[in-house]
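Report on the following structure.
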Amino acid sequence: MPEIKTYREALREAIVHELDRDESVVLIGEDIGVYGGTQLITVDLLEQYGAKRVIDTPICEGGFTGAAIGMAMMGLRPIVEMMTMNFSFLAVDQIIQNAAKVRYFSGGQVKVPLVIRGPNGGGVQLSAQHTHSLESFYGHFPGLKVVAPASPNDAKGMMLTAVRDDNCVIFLESGALYGTKGEVDEDNPIPFGKARIAREGGDVTLISYGRQVALCLRAADTLAADGINAEVIDLRSLRPMDEDALVKSVEKTHRAVAVQEQWRWFGVASEVAAIIQDRAFDYLDAPVERVSGAEVPAPFARNLELAAFPNEQQVVEAARRVLYREEK
Amino acid sequence: MAKAKKPADGQADAEVGDGQVGPGREGLVDLYRQMLLVRMFEESCQRSFRKGVIGGYLHLYTGQEAVAAGFLAHVREGDKVITGYRDHAHALLLRCDPREVMAELYGRRDGLSKGKGGSMHLFAIDRGLWGGYGIVGGHIPLGVGFAYALRYQGTDHICQLYLGDGALQTGAFHEAANLAGLWGRDGNCPVVFVVENNQYAMGTSVERSTAMTDLAAKFDAYGIEREKVDGMDLEAVLECAARVTQQVRESGKPCAVEAVTYRLASHGAADFVERYRTKKEVAQWRERDPIDRLERRLLEAEALEADMIDEIKSGVRDEVGKAIEFAAGSEQPSEEELYSDVLAGGDEYMGHQ
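Those sequence lines, one after another, are chains X and F.
Under this note's numbering, think of the first position of the first sequence as 5, with each following residue one higher.
Under this note's numbering, think of the first position of the second sequence as 3, with each following residue one higher.
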């Protein structure tokens, strides 16, 4: 029976499930053990599983991520916690140059079953250096998988899949979602590359992932009051991306708006728009719209931060534009 | 110049291959042959590179042969070896087929890594070679992770981690060494750091790289035991490697050895000018050529005779010639290989339409 749990509890439950199921699973990161994890995802796990499996590290993202890649090559299944994904910049050489490529340049002799997880994106006034949405950055590199669950059930199910995957998975959580609640299944791995229709509709497709899915759902409610029936697609995983789900929805609605928290340039929404025009051009009745964050480093002041991220009104307006309900 | 510890009194006069610390006389002759193989292999692939048959980068081990030969003689089954891009010697000394090593340099399907890695990415995991890596310092955390996993899995295998003097200045080294020291405190990190100090990070000498030029002593900062060895002297390296690998295997604690050596070859096969060092300096080091030195020792000890040397050299030359012939005759990888090995699992390349 599904139970109501928070996104945080769901993640922790998946990690515990995998620690119990497979002894090759180890956790590694900063302050995940004695401290309990900055996000409390790993609280009490040191006591339960011991210091060999719950490895507290000094502050050295490149070092411990590289070591985790080495462990993975030897057959362990490490889950690396980035206290925030912003710190993963310090490990990028390891992630891109080793984890993503070593299988290829070894001619298929090795694999890297590794999860790198942590909060991604902003919304809680952490300002410029602690606010990035790294999905298009990591999504650019062949050899990586990139996922961004939006609901507690997906957080658990996709973590189960990530740990069991034989490749390096960049698991982007949303700090703003940790406290959100939802029904969570018992043991239900959710495959990558399958989008979720968060709301069915026939007039316009709103496409998003992570915390912007909730924004799209709110916008859809607003649009419904105006007689516009929006379909909301939660991509769930960005690489691989469920291209068929996008095409299928646009064949029905003929109009699409892609919503992302990250910056507009070189973002996921651009990729979504390109896929739609590649594969569903003849079904489109309007150009695909993108709603994105402002092209500035994240500001601290609350009012400026709110202005820097997409809001419901922007999504509603974009939907109305592709429906030609409002002047461009 | 070399800061290597001079051999202790008596040790220098020890009988060649007395079997107490080394592989015995026959073993030494075999290693002599292996070192010659590395030397001639490198000379041969350099010719192919300059003819344009080998593309990309090509980094030669010429002059440093005694270091890898001495340490890899102490690899046991299950041990893991990881190194940077100057990796041909490690593959050959782990007894990979020279034909397959050469085929990799040629970018052919019979290469060690199916022609998909090239000179800098030699892999033969069945022989313990877990790569050749191209970013200086980037492989060091991996090797530390190998060592942790080997203990976690309950084995007594160790990791031999090769790194150059240039890599010691990278952040990756310092972070990884710190982790190794930390995990080794509980016996969970059996890694030997083999520092191949060949005096130059590409064209930047050790003196121009760091104000603290005692490279072995850098490991003190991380609580890792360390020593130096004359990397031009195979017997000294063998003695050191035997002791250190055993200690690491038993204790699970890391250990570092700075092997003081010299790259007689240029940094890369395309590096002709060498403005960063003098011909005189190279000539001085050439007098200490590890292969010549071993040859003299073996002749003095009558473990070898002049005609045996000719026979060995001719055999090695023949083997390298066959490697070139094989590589040149091996086919290029099939077009399908472009999209294989990107990901493990069924859907190998998800971006491909």
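Ideal Cβ positions, reconstructed from N, Cα and C, are used throughout, including at glycine.
Since we're looking at a predicted model, the values are computed, not measured.
Discussion item. For the segment 87-105 of chain X against the segment 152-159 of chain X, do three or more pairs of beta-carbon atoms, one drawn from each stretch, fall closer than 8 Å, so that the two count as touching?
Written reply: no
Item to complete: State the DSSP-derived secondary structure class of Gly225 (chain F), mapped to helix, strand or coil.
Response: Here the question's residue 225 (chain F) lines up with position 223 in the second sequence. In the structure shown, Gly225 (chain F) sits in coil (DSSP, three-state: anything other than H, G, I, E or B).
Worksheet item: In chain order, what residues of the same chain lie with their CB nearer than 7 Å to the CB of Arg306 (chain X), ignoring the 5 residues before and after it?
Response: As a working note, residue 306 (chain X) is residue 302 in the first sequence. Result list for Arg306 (chain X): Gln129, in chain order.
Worksheet item: Can you tell me whether Ile8 (chain X) is buried or exposed, with buried defined as 16 or more other CB within 10 angstroms of its CB?
Response: Position 4 of the first sequence, counting from 1, holds the residue named residue 8 (chain X). When all chains shown are included, Ile8 (chain X) counts as exposed.
Worksheet item: From which residue to which residue does the beta strand (DSSP E) around Asp60 (chain X) run?
Response: Counting from 1 along the first sequence, the entry for residue 60 (chain X) is found at position 56. Where Asp60 (chain X) is concerned, the enclosing beta strand (DSSP E) stretches over 58-60.
Item to complete: Say whether chain F places a C-beta atom closer than 8 Å to the C-beta of Leu23 (chain X).
Response: Numbered from 1 along the first sequence, position 19 holds the residue referred to as residue 23 (chain X). Closer than 8 Å: no.
Worksheet item: At least one CB of chain X closer than 8 Å to the CB of Ala219 (chain F): is that the case?
Response: For the purposes of this step, residue 219 (chain F) is taken as the residue at position 217 of the second sequence. Closer than 8 Å: no.
Worksheet item: Counting along the chain, where does the alpha helix (DSSP H) carrying Ser178 (chain X) start and finish?
Response: Taking the first residue of the first sequence as position 1, residue 178 (chain X) is located at position 174. Per DSSP, Ser178 (chain X) belongs to no alpha helix (DSSP H); it is in the beta strand (DSSP E), 172-178.
Discussion item. Considering just the uninterrupted stretch of the alpha helix (DSSP H) at Tyr108 (chain X), what are its terminal residues?
Written reply: Within the first sequence, the letter at position 104 stands for residue 108 (chain X). Taken as a continuous stretch (DSSP letters only), the alpha helix (DSSP H) holding Tyr108 (chain X) covers 106-109.
Worksheet item: Apart from the five residues on each side of it in sequence, which residues of its chain come closer than 7 Å, Cβ to Cβ, to Ala199 (chain X)?
Response: For the purposes of this step, residue 199 (chain X) is taken as the residue at position 195 of the first sequence. The answer, listed in chain order, is Ile237, Asp238, Leu239, Arg240, Asp246, Ala249.
Practice prompt. Determine the chain X residues that contact Phe328 (chain F) at a beta-carbon separation under 9 Å, and present them in chain order.
Written response: If you number the second sequence from 1, residue 328 (chain F) lands on position 326. Neighbours of Phe328 (chain F) on chain X: none; closest Cβ ~17 Å, over 9 Å.
Worksheet item: In its own chain, which residues sit with a C-beta less than 8 Å from the C-beta of Glu255 (chain X), not counting the 5 before and 5 after it?
Response: Along the first sequence, one-based indexing puts residue 255 (chain X) at 251. Ala284, Tyr287, listed in sequence order.
Discussion item. Among F:Glu67, F:Arg265, F:Glu106, whose alpha-carbon lies nearest the alpha-carbon of Ala238 (chain F)?
Written reply: Residue mapping note: residue 238 (chain F) aligns to position 236 of the second sequence, counting from 1. Of F:Glu67, F:Arg265, F:Glu106, the residue nearest in Cα terms is F:Glu67.
Worksheet item: Hey, how far is the Cα of Ser211 (chain F) from the Cα of Phe175 (chain F)?
Response: What you label residue 211 (chain F) is simply residue 209 of the second sequence in a count that begins at 1. What you label residue 175 (chain F) is simply residue 173 of the second sequence in a count that begins at 1. The straight-line gap from Cα to Cα measures roughly 14 Å.
Worksheet item: Does DSSP put Thr280 (chain F) in a helix, a strand or coil?
Response: The sequence position of residue 280 (chain F) within the second sequence is 278, counting from 1. Correct three-state label for Thr280 (chain F): coil.
Worksheet item: Which parts of the segment 227-266 of chain F are runs of the beta strand (DSSP E), unbroken and 3 residues or longer, counting only runs that do not cross its ends?
Response: 227-232, 257-262
Worksheet item: Rounded to a whole number of angstroms, what is the C-alpha to C-alpha distance between Gly166 (chain F) and Glu79 (chain F)?
Response: Taking the second sequence and counting its residues from 1, the one referred to as residue 166 (chain F) is at position 164. Taking the second sequence and counting its residues from 1, the one referred to as residue 79 (chain F) is at position 77. Their backbone Cα atoms lie some 25 Å apart in a straight line.
Discussion item. If you reduce the DSSP assignment to three classes, tell me which class Asp158 (chain F) lands in.
Written reply: To locate residue 158 (chain F), count along the second sequence from 1; it is residue 156. Three-state DSSP puts Asp158 (chain F) in coil, outside helix and strand.
Worksheet item: Bridge partners of Ile211 (chain X), per DSSP?
Response: In the first sequence, counting from the first residue as 1, residue 211 (chain X) sits at position 207. Per DSSP, X:Ile237, X:Ala262.
Worksheet item: Counting contacts by CB-CB distance shorter than 8 Å, is Ala71 (chain X) in contact with chain F?
Response: As a working note, residue 71 (chain X) is residue 67 in the first sequence. It does; some Cβ of chain F falls within 8 Å.
Worksheet entry | Contact list for Ser121 (chain F) against chain X, beta-carbon separation under 7 Å | Residue numbering aside, residue 121 (chain F) sits at position 119 when the second sequence is read from its first letter. In chain order: nothing, as chain X lies at least about 11 Å away.
Worksheet entry | Interface residues of chain X facing Tyr154 (chain F) [CB-CB closer than 8 Å] | In the second sequence, residue 154 (chain F) corresponds to position 152, counting from 1. Near Tyr154 (chain F) (Cβ distances below 8 Å), the residues of chain X are Val30, Lys56, Met75, Leu80.
Practice prompt. Mind checking who Gly86 (chain F) pairs with in its DSSP beta bridge?
Written response: Walking along the second sequence from the start, residue 86 (chain F) turns up at place 84. Gly86 (chain F) pairs with nothing; no bridge assigned.
Practice prompt. Please go through the same chain and pick out, in chain order, the residues whose beta-carbon is closer than 8 Å to the beta-carbon of Arg12 (chain X), but skip the five residues on each side of it.
Written response: Stepping through the first sequence from its first residue, residue 12 (chain X) is reached at position 8. So the qualifying residues of the chain are Gln43, Leu44, Ile45, Tyr182, Gly183.
Discussion item. For the beta strand (DSSP E) containing Glu85 (chain X), name the first residue and the last one.
Written reply: On the first sequence, position 81 is the one that residue 85 (chain X) refers to. Looking at the DSSP string, the run of the beta strand (DSSP E) that includes Glu85 (chain X) is 81-85.
Worksheet item: So is Ala174 (chain F) in contact with chain X if we call contact Cβ pairs under 8 Å?
Response: Sequence index remark: in the second sequence, residue 174 (chain F) carries index 172 (1-based). Interface residue, yes.
Worksheet item: Can you pull the DSSP bridge partners for Asn90 (chain X)?
Response: Here residue 90 (chain X) corresponds to residue number 86 of the first sequence, with the count starting at 1. BP columns for Asn90 (chain X) are empty, so no partner.
Fill in: Rounded separation between Ser50 (chain F) and Asp216 (chain F) - CA only
Residue numbering aside, residue 50 (chain F) sits at position 48 when the second sequence is read from its first letter. Residue numbering aside, residue 216 (chain F) sits at position 214 when the second sequence is read from its first letter. Cα-Cα distance, rounded: 37 Å.
Worksheet item: Does the beta-carbon distance from Phe356 (chain F) to Ser140 (chain X) come in below 8 Å?
Response: Residue coverage of chain F in this structure runs from 3 to 355, which leaves residue 356 (chain F) outside it and unanswerable.
Fill in: Under 7 Å (Cβ pairs) to chain X, residues found in the segment 55-79 of chain F
none
Worksheet item: What residue from X:Leu94, X:Tyr39, X:Pro195 has the CA that sits closest to Gly173 (chain F)'s CA?
Response: In the second sequence, residue 173 (chain F) corresponds to position 171, counting from 1. When each option's Cα is compared against that of Gly173 (chain F), the closest is X:Leu94.
Practice prompt. Out of X:Gly186, X:Val217, X:Ile174, state which residue places its alpha-carbon closest to the alpha-carbon of Phe196 (chain X).
Written response: The residue you call residue 196 (chain X) lines up with position 192 of the first sequence. Checked all of X:Gly186, X:Val217, X:Ile174; the closest Cα to Phe196 (chain X) is X:Ile174.
Discussion item. Measuring only the C-alpha atoms, how far is Val31 (chain F) from Ala71 (chain F)?
Written reply: The residue labelled residue 31 (chain F) in the question sits at position 29 within the second sequence. The residue labelled residue 71 (chain F) in the question sits at position 69 within the second sequence. C-alpha separation (whole angstroms): 12 Å.
Item to complete: State the DSSP-derived secondary structure class of Asn190 (chain F), mapped to helix, strand or coil.
Response: As a working note, residue 190 (chain F) is residue 188 in the second sequence. Three-state result, Asn190 (chain F): coil.
Practice prompt. Identify every residue that forms a DSSP beta bridge with Gly186 (chain X).
Written response: Your numbering for residue 186 (chain X) matches position 182 in the first sequence. Gly186 (chain X) pairs with X:Lys9.
Worksheet item: What residues in its chain sit with their C-beta under 6 Å from that of Gly168 (chain F), if we drop five residues either side in the sequence?
Response: Numbered from 1 along the second sequence, position 166 holds the residue referred to as residue 168 (chain F). Val138, Ala203, listed in sequence order.
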